[in-house]
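Heads up, the thing below is written out as C-alpha cells.
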Ligand code: SF4
Ligand code: SF4
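Numbering (our numbering), first residue to last: 45 to 101.
Structure, rendered in C-alpha cells:
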C-alpha cells in the first residue's frame, strides 16, 4: 500500500518536505509519490490544502 496524489494537486510543494522517507517529488504536472518508498504514514495528506494525497485502493 502507498498513498497516491490525485489530479487535484496544485503543485504547492507543501507535502514534499513533510514526508519522512522522501518519497515525494515534483513530476511533470503534479507531485508524485514513489510507491516503493511510501510507508502510508499520512503526513502528506495532513498538510495538503486540497486533499490530493489519498491511500491507494
Ligand atoms: Fe510520505 Fe507518508 Fe505521504 Fe507516504 S503517506 S508519501 S510516507 S508522507
Ligand atoms: Fe500537491 Fe497537495 Fe503536495 Fe501541494 S501538498 S504539492 S497540492 S499533493
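Glycine is no exception: its CB is placed at the ideal position from the N, C-alpha and C atoms.
In whole angstroms, give me the CA-to-CA distance for residue i and residue j.
i: residue 81; j: residue 93; result: 23 Å
i: residue 56; j: residue 100; result: 21 Å
i: residue 58; j: residue 69; result: 11 Å
Please tell me whether, using a cut-off of 7 Å, the distance from the CB of residue i to the nearest non-hydrogen atom of ligand 1 is below it.
i: residue 64; result: yes
Just reading off the beta strand (DSSP E) that residue i is part of, what are its end residues?
i: residue 49; result: 47-49
Could you pull out every residue in the same chain whose Cβ sits closer than 7 Å to the Cβ of residue i, ignoring the five residues on either side in sequence?
i: residue 62; result: 87, 88, 91
i: residue 45; result: 84, 99, 100
Kindly examine ligand 2 and report whether one of its heavy atoms sits closer than 7 Å to the Cβ of residue i.
i: residue 74; result: yes
i: residue 61; result: no
i: residue 57; result: yes
Q. Residue ranges of each beta strand (DSSP E) run of no fewer than 3 residues wholly in the stretch 57-97, ordered along the chain?
A. 68-70, 75-77
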